[in-house]
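Below: the structure, in structure tokens.
Numbering (our numbering), first residue to last: 231 to 506.
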């Protein structure tokens, strides 16, 4: 099969502290080099930025990479593409997720306590919800057939795209022998700010796009439940907080509380706006 790979990197400033250039250099040394690297600068939200990149892309496979990511080895792109060439039931692939080897002690501890921060390197193709826009590969035709990215939502593009790919009857898999490094916030304050903003963004999606309130799993699964009821979701959060308390995982506890506070306050604001 003849194939061309377009790498699309959304970025606020096109620099990200020098990481964008570092990522470009890594892409140039991959065993399978992309045909083009498109950096979309200053477009938000990220879903809209990715769509803008796709409009410029000429490849028949798209690889989306966040601008703060570093590839783990020289064969990531090749390994992400291989499942599509070997089989017909895969719709989207991604690498395992690790944190950089030079992370500080706080980043190392918080990565173990904050959900969806780590996923171990695999030796075979596995179904997982841990494939995200951190780094993913999807056929161009499929991406367009399922409706592109949602350009309006601040949060939730990962589960939204995964859900639509699965609705097309295709699997979403972590590719073997491939990983990427995605850094955690360097300080406690920055991590709590991230949690608070994620909580607000999640509430914003629930208020304005309730159909996009979708499940997020972090392990190995062959079957995925796209939606859960509100009581189930709230009960799960309470159990998670109880787990953090009983195991003295204080960073995870504070992360959950900051997330909930952001979610609660944005919900109150939204209800007031509706009342007016």
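Note that the Cβ used here is the ideal one computed from N, Cα and C, for glycine as well.
Length of the line joining the Cα atoms of residue i and residue j
i	j	result
residue 399	residue 392	11 angstroms
residue 492	residue 305	39 angstroms
residue 288	residue 281	13 angstroms
residue 351	residue 302	10 angstroms
residue 261	residue 307	8 angstroms
residue 481	residue 394	33 angstroms
residue 469	residue 489	15 angstroms
residue 320	residue 355	10 angstroms
residue 257	residue 401	26 angstroms
residue 420	residue 232	45 angstroms
residue 349	residue 310	16 angstroms
residue 411	residue 340	15 angstroms
residue 508	residue 427	Here the chain covers residues 231 to 506 and nothing more, so residue 508 does not appear.
residue 266	residue 459	43 angstroms
residue 378	residue 390	10 angstroms
residue 342	residue 297	23 angstroms
residue 463	residue 259	44 angstroms
The alpha helix (DSSP H) enclosing residue i, as first and last residue numbers
i	result
residue 287	Here residue 287 belongs to no alpha helix (DSSP H), and DSSP marks it neither H nor E.
residue 236	Where residue 236 is concerned, there is no enclosing alpha helix (DSSP H), although the beta strand (DSSP E) it sits in stretches over 235-241.
residue 389	387-397
residue 257	249-258
residue 338	335-343
Where residue i falls: helix, strand or coil (DSSP)
i	result
residue 327	strand
residue 305	coil
residue 483	helix
residue 378	coil
residue 355	coil
residue 320	strand
residue 245	coil
residue 471	helix
residue 384	coil
Closer than 8 angstroms: residue i CB and nearest the ligand COA heavy atom
i	result
residue 269	No copy of the ligand COA appears in this structure; indeed no ligand is present at all.
Span of the beta strand (DSSP E) around residue i
i	result
residue 291	291-295
residue 407	401-411
residue 270	266-271
residue 427	Premise fails: residue 427 lies in the alpha helix (DSSP H), 418-438, not in any beta strand (DSSP E).
residue 366	365-369
From the options, residue whose alpha carbon lies closest to that of residue i
i	options	result
residue 386	343, 441, 402, 345	441
residue 235	429, 361, 295, 467	295
residue 416	397, 338, 396, 486	338
residue 237	401, 268, 250, 340	268
residue 388	409, 322, 341, 407	322
residue 270	284, 426, 374	284
residue 330	347, 318, 239, 241	347
residue 474	464, 486, 463	486
residue 253	274, 365, 462, 476	365
residue 422	242, 297, 484	484
residue 240	314, 299, 418	299
Quiz item: Taking three-plus beta-carbon pairs below 8 angstroms as touching, is the stretch 429-442 in contact with the stretch 486-506?
Solution: yes
Quiz item: So, do the stretch 331-347 and the stretch 368-375 have three or more beta carbon pairs nearer to each other than 8 angstroms?
Solution: no
Quiz item: Does the pairing of the stretch 349-365 with the stretch 317-326 give three or more beta-carbon distances under 8 angstroms?
Solution: yes
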